[in-house]
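Here is the structure we will look at.
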Amino acid sequence: MATLFGSGIKRREDPRLITGQATYVDDVKLPGLAYAVFARSPYAHAKITRIDVSAARQAPGVIAVYTGADVKDRLVPVPCAWNVPNCDLKIPAHPLLAYDKVRYAGDAVAMVIAETRAQARDAVDLVDVDYEPLRATADPEQATQPGAARLHEEIPDNIGFTWVVSGGDAAAAFQHAEVAVSQRIVQQRLLPTAMEPRAAVAQYNRGSGQLTLWATSQNPHIHRFLCSVMLKLPEHRIRVIAPEVGGGFGSKIPAYPDEALVSFAAMELGIPVKWTEDRSENYKVTIHGRDHIEYVEMCGTRDGKITGIRTRVYAGLGAYASTAAPGIPTILHGLVYSGSYMIPNIHGTIYGVYTNGTPVDAYRGAGRPEAAYLIERLVDIFARKIGMDPIEVRRRNFIPKDKFPYTVATGLIYDSGNYEAALDKALGILDLKAFRAEQAKARKDGRYLGMGLVSYIEICGLGPSQVAGAVGFGGGLYDSAIVRVYPTGVVKVYIGASPHGQGEETTFAQIVASEFGYPVENVEIIHGDTDNTPQGWGTYGSRTTAVCGSAVKVAALRVKEKAKLLAAHLLEANEADLEWKDDAFRVKGSPDKAKGMAELALMANVAWNMPPGMEPGLEATAFFDPTNFVYPFGTHICTVEVDEQTGQVKILRYIAVDDCGPPINPMIVDGQIHGGVIQGIGEGLQEIAVYDEEAQLVTGTMMDYAVPKASQMPHIEVAHTITPSPVNPLGVKGCGEAGTIASAACLVNAVCDALAPLGITHIDKPLTPARVWAAIQKAKGATP
Amino acid sequence: MIPTSFDYVRAGSVREALGLLALGDGTKVIAGGHSLLPMMRFRLVQAPKLVDISRLEELRGVQEYKKGLRIGATTTYAELARHPLVRERCPVIAEVAADIADIQVRNRGTIGGSLAHADPASDMPAVMMALDAEFQLRSKKGGRRTARAREFFKGAFVTDMTEEELFTDILVPGMGRNAAVYVSFDSAASGYALAGVCASIGRKRATISDISVAVTGVAEVVFLAGALERMKDTKCDAAVLAAAAKEAVAGLEIAGDVHAPSSYRRHIAEVAIIRAVERAYQRAGA
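Protein sequence lines, in the order shown, are assigned to chains X and E. Start counting the first sequence at 1; every next residue gets the next number (the working numbering). Start counting the second sequence at 1001; every next residue gets the next number (the working numbering).
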């Protein structure tokens, strides 16, 4: 049988997902289920002077109404779990229900529980709150200015932290530089828009004292832990189940008030309670992403050597510090400022700023797309300034393939890489010469064609737990697997990670089936239930395959090791005389004397004839903690035509060459790249969360927030190079975020190349037709 | 996204629907529901009662009408897009219908519903105005009457219809020598037109003998761009066209929003006018 590892078999989870056979949280129906709907603040910033819920309590079907006053002494505020060290991080309390003040439009002030969802929704309109509106701002730079609205009394300038990354001597590098360029860059707020909004169902058994919480979670073990804190309930009394989860993109990592409040209501009332988010509620209260205002500089020599990079970043945190928020613009952003290059001098100052916006946290790529974007934009601007082909500038600064492991100025140690190979492969697919000729001809005809190129790196496969501790991450970053072989030889694998669309039910089964010489159908992957899976840290940060997949592999090897001893015993051979060949342990030289895994599983499980001292059963547990992060990389190229008349950007070709090590399932890897590229194109072309002067979200529905649609997206040409990582037994790197990290910058680089004849060097994303047209008008000296 | 409580009646006949509307109790008509239901879910509209006309066969379908078409109000976009008679006699309607929203919306959304709803960024009102279509309306008290498309749209979501009237049919005159083209630049989010232009042009050899141009998405209400009439008797001269397009939107009050500032909307309305006229001119000559 051909090895399954590396084969692009179809995703085994899909038939149930696409035929309506899957159970999402909102599909969970329990006897006597009641429904929660939240009353939320219409103001972005206001004092609460009075709350009257008496009319809501009298409304038809209403079972209970809770306000901040009811819960503030009984529940613990939402914890922030990333205490970034070496800075002045201030984490203000985030009450589960606001009671004295609301800090963003959507802050919950009351929870209504009723017999039906419609009754609860109707009663919300009867919650009577008097607000005294305060000045508000959702702009992270403005919020730091004197006189800005103050969100939290204890933080007068709204600056939640000032974090500095430094390597080499950037001040000296800039002082002595031959050339320096600078740019103000806005990396707009984005709405993660998972297909499934958040939802929670809580059931509490007063007899056993057990709480079961079905939740839309990327990391049920983390939610169990954080709910235990908020509810003051011991962890072993809580079972968190993440059934099918319809995407997350980071938005289902954090702890939110809602799930804890639903649990509280279920415990108080002794009946199960469900809450399901509306899409407009999702846009208002589920975390947002990005939101940086950056002042960035790059310096170097006239012959293209980059010598320094310097940044000052205002990173919006929103109204409260969400679970991982402080780590995103710092550890996951500032530390990767070297990109794919040898940049000896790096300095960045990151301000984490509280604003009257929805809390900001990890969104696909989380800090790394923002880093790749500013680096790759700067490289192009720098190249333009010195009159050198940006491809040549990249080549001159790449970390060469023979220098790995390589320590960059910020202290990270890159595991492996071959950046020039990926670049060359992408250029080969494009046919650079032909494109440049076409571009030159088009320019003569007054048409604007451009090519953008990005050579990114990513830090992912999060990560060594010791490092997690050192950078203040409030948890471990190992992961786990139990491989359990049944008497008939079939296998169940219980994993600590929590896939929610990424396809690990297929890829992890491929890992085990390849080891055991099985068809993939013999292996089932179980995840998402804290009562039957070992402690794990979840699915995010492109970590699941590199870390949890490695745990699966290690556990499978442990099972195989035991099986080999048993095989030797049953074959009356020395272990050393056995070899694994053609799906069985065989005696060297007598290949007919063989024992396959199925037979060994039966013998181990019945235990009729075990070697002396060997325990019955055939299963193993592994906790895998990597020795380093992994650093995927690649080169993306896109070509565009800009309609000078309308500002419309048409993508002509999009080429993605990514290196995530050996792909377990190439089709799934390509799918991840596709999805990531499309999200990045959305960010580059059309997605933006806009707040008005009163910090009201004006892009609060899909009528105004431009989620990419299939008809708007180009064909994506995907290719790979393969450079294994030395830090895990699979050699794999992550591929979940790669596409997003590369594509927004790639697109903006292409449009700026197209418009180079007009002298345009930068346009802030998203490159909507209106923005591009305005830039063209400005470049032509016209007032748009 | 839960609307307030409301009653629902499925009308068994047009007469029954008209009777319910005549009660004057705020009852709303529902067909495809693709405009009304979202507004109800947002609680922007709180209707006490809906009367569903979607299964009334007499309101559905396309027939020959003189040299043009009679289109029933509850005919869906999907039906229009693939209807042989529409494609033969008035291809621009099929083209526009095929490009509205996504396939789910096209399968449910109805042309009459869209026209009666009168969203100022809808595509079809501009097409109907350029083609000089007529709308047939009925009420219990007033019986039947015909309203010209060019006099029907009064403002954003405001039409010539009374609350008691039901939109029943669209009468599209024969195209004669004319050819029509619709050009729009759409919001990436909603798909609605930031500027949409339908141009209907007749030619005698190279000379324009007839021209009607309607503009949607830009102003408070869809409008007929009278300035383009000066293209008549010309050979579609580029400079004249550019000047006429500019004049068509000059002085117009155009609101900016999150998708585009008013300056951009004004500009692309000009571009859309120019492109629609040029293409209609070409098509009429083909």
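In this text, a Cβ means the ideal position worked out from N, Cα and C, and glycines have one as well. It should be emphasised that the depicted structure is a prediction, and the values quoted were computed from it without experimental measurement.
Cβ of residue i within 9 Å of any chain E Cβ
i: Thr-621(X); result: no
i: Arg-117(X); result: yes
i: Arg-706(X); result: A small correction: the amino acid at residue 706(X) is Ala; Arg does not occupy that position in the sequence shown. Taking Cβ atoms only, chain E reaches closer than 9 Å to Ala-706(X), which makes this a yes.
i: Asp-278(X); result: yes
i: Gly-246(X); result: no
i: Arg-121(X); result: yes
i: Ala-770(X); result: yes
i: Met-111(X); result: no
i: Val-690(X); result: yes
i: Gly-339(X); result: no
i: Gln-696(X); result: no
i: Thr-212(X); result: no
i: Lys-425(X); result: no
Proximal residues to residue i (C-beta, below 6 Å), its chain only, five neighbours per side dropped
i: Glu-13(X); result: Glu-505
i: Tyr-283(X); result: Leu-191 and Gly-700
i: Met-230(X); result: Leu-75, Val-76 and Ala-260
Chain-ordered neighbours of residue i on chain A, where CB pairs are closer than 9 Å
i: Ala-774(X); result: Absent here is chain A; the protein component of the structure consists of chains X and E.
Reduced DSSP secondary structure (H/G/I, E/B, other) of residue i
i: Pro-133(X); result: strand
i: Phe-516(X); result: helix
i: Asn-205(X); result: strand
i: His-292(X); result: strand
i: Gln-510(X); result: helix
i: Tyr-448(X); result: strand
i: Val-732(X); result: coil
i: Ala-2(X); result: At Ala-2(X) the pLDDT is 49, less than 50, meaning the model places this residue with poor confidence and gives no usable figure here.
i: Ile-328(X); result: coil
Beta carbon proximity, residue i to chain X, threshold 9 Å
i: Ile-1111(E); result: no
i: Thr-1216(E); result: no
i: Ser-1139(E); result: no
i: Asp-1102(E); result: yes
i: Thr-1004(E); result: yes
i: Ile-1268(E); result: yes
Range covered by the alpha helix (DSSP H) that runs through residue i
i: Trp-773(X); result: 769-779
i: Cys-752(X); result: 738-754
i: Asp-380(X); result: 368-386
i: Ser-54(X); result: 54-58
i: Ser-280(X); result: 279-285
i: Gly-680(X); result: 666-685
i: Tyr-1264(E); result: 1262-1285
i: Gln-605(X); result: Contrary to the premise, residue 605(X) reads as Asn rather than Gln in this sequence. Residues 597-606.
i: Tyr-337(X); result: Unbroken run through Tyr-337(X): none, as it is neither H nor E.
Start and end residues, beta strand (DSSP E) containing residue i
i: Leu-432(X); result: Careful: Leu-432(X) lies outside any beta strand (DSSP E), inside the alpha helix (DSSP H) at 432-444.
i: Ser-416(X); result: Per DSSP, Ser-416(X) belongs to no beta strand (DSSP E) and is neither H nor E.
i: Ser-1114(E); result: Careful: Ser-1114(E) lies outside any beta strand (DSSP E), inside the alpha helix (DSSP H) at 1111-1117.
i: Glu-579(X); result: 578-581
i: Ile-1030(E); result: 1028-1030
Cutoff 7 Å; reference residue i; Cβ partners in own chain excluding five residues on either side
i: Glu-683(X); result: Leu-190, Ala-744, Lys-765 and Pro-766
i: Pro-60(X); result: Gln-119
i: Ala-114(X); result: Ala-34, Tyr-35, Gly-61, Val-62, Ile-63, Ala-120 and Ala-123
Residues near residue i by beta carbon distance below 8 Å, same chain, minus five either side
i: Ala-604(X); result: Val-485, Lys-562, Ala-563, Leu-566, Met-610, Pro-616, Gly-617 and Leu-618
i: Val-1062(E); result: Leu-1069, Arg-1070, Ile-1071, Gly-1072, Thr-1075, Glu-1079, Leu-1080, His-1083, Leu-1085 and Val-1086
i: Ala-1276(E); result: Val-1181, Tyr-1182, Val-1183, Val-1197, Cys-1198, Ala-1199 and Val-1213
i: Lys-1049(E); result: Phe-1006, Asp-1007, Tyr-1008, Val-1009, Leu-1020, Asp-1025, Gly-1026, Thr-1027 and Lys-1028
_Three or more C-beta pairs below 8 Å linking the segment 626-635 of chain X and the segment 596-605 of chain X_ = no
*Cβ pair count under 8 Å reaching 3, the segment 71-79 of chain X against the segment 123-137 of chain X*: Fewer than three Cβ pairs drawn from the segment 71-79 of chain X and the segment 123-137 of chain X lie within less than 8 Å of each other, which leaves the two stretches out of contact.
*So, do the segment 101-115 of chain X and the segment 269-284 of chain X have three or more beta carbon pairs nearer to each other than 8 Å?*
yes
*How do the segment 1015-1035 of chain E and the segment 1112-1125 of chain E stand: do at least 3 beta-carbon pairs fall below 8 Å, yes or no?*
yes
_I want to know whether the segment 1205-1212 of chain E touches the segment 1114-1128 of chain E - three or more CB-CB distances under 8 Å._
No, the segment 1205-1212 of chain E does not touch the segment 1114-1128 of chain E.
*State whether the segment 338-354 of chain X contacts the segment 156-176 of chain X, with contact taken as three or more CB pairs (one from each stretch) at a distance under 8 Å.*
yes
*Check whether the segment 298-309 of chain X touches the segment 36-56 of chain X, taking contact to mean three or more Cβ pairs, one atom from each stretch, closer than 8 Å.*
no
*So does the segment 1161-1173 of chain E actually touch the segment 1129-1140 of chain E, counting three or more Cβ pairs closer than 8 Å?*
yes
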